[in-house]
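In this note's numbering, the protein residues as written are 5 to 175. Ideal placement from N, C-alpha and C gives every residue a C-beta, glycine not left out. Worksheet for the structure shown next.
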């Protein structure tokens, strides 16, 4: 079993919820990259984007991935949707654990309507067009980073966590 399981995917894809269930199932702690950034920065992600900009947030995100990757502890890691944007982060995730891409459809992401704390979704006329734009820009990076992908539509978070657990145990 590899030291870590890294959950990647679009924002609102269920990484944190699946991570919580996987943490309970495996007995290994969950680290949420976004929560760790908020704790270190002392401000919310929307505040970081507003005051320091996305490039600064991405640097913080890459630093957090590197910190987690350097830990010898066995962990469940829920990344932010953009953690795969940094090439070094993608390599570190693959090198230090099993990378699982949680893949809900764009339609299911839109149906959730979770935009309030999502700076990349603010100020756009069409949520569907914005999700699709982000998906198109990142799809190849998710593919490059992932060891496995799990389609999410029609599955409970508990079922997905069980699938990830089986993959992790076999790694």
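When rounded, the separation of the alpha-carbon atoms in residue 142 and residue 171 is 24 Å. Following the DSSP letters along the chain, one finds residue 153 inside the beta strand (DSSP E) bounded by residues 152–155.
By a beta-carbon distance limit of 8 Å, residue 11 contacts residue 82. Their separation comes to about 5 Å.
Contact fails between the region 100–111 and the region 44–64, because fewer than three Cβ pairs, one in each stretch, are under 8 Å apart.
According to the DSSP assignment, residue 89 belongs to no beta strand (DSSP E), since it is labelled neither H nor E. Residue 159 carries a coil assignment under DSSP once its states are collapsed to helix, strand and coil.
In the assembly as shown, residue 50 is an exposed residue. Its beta-carbon has fewer than 16 other beta-carbons within 10 Å. Contact between the region 131–139 and the region 35–49 is absent: fewer than 3 CB-CB pairs across the two stretches fall below 8 Å.
Excluding the 5 residues flanking it on each side, residue 36 has same chain C-beta neighbours closer than 6 Å at 20, 82, in chain order. Residue 23: member of the alpha helix (DSSP H) spanning 19–30, first to last residue. The beta-carbon distance between residue 9 and residue 106, rounded to whole angstroms, is 11 Å. This is too long to meet the 8 Å contact definition.
Bounds of the alpha helix (DSSP H) holding residue 56 are 49–56.
Counting along the chain, the unbroken beta strand (DSSP E) around residue 101 starts and ends at 101–107. For residue 136, the enclosing alpha helix (DSSP H) stretches over residues 131–149.
Rounded to the nearest whole angstrom, the CA to CA distance from residue 131 to residue 78 is 37 Å.
Nearest in C-alpha terms to residue 17, of all of 27, 169, 104, is 104.
For residue 26 and residue 140, the gap between their C-alpha atoms comes out near 28 Å.
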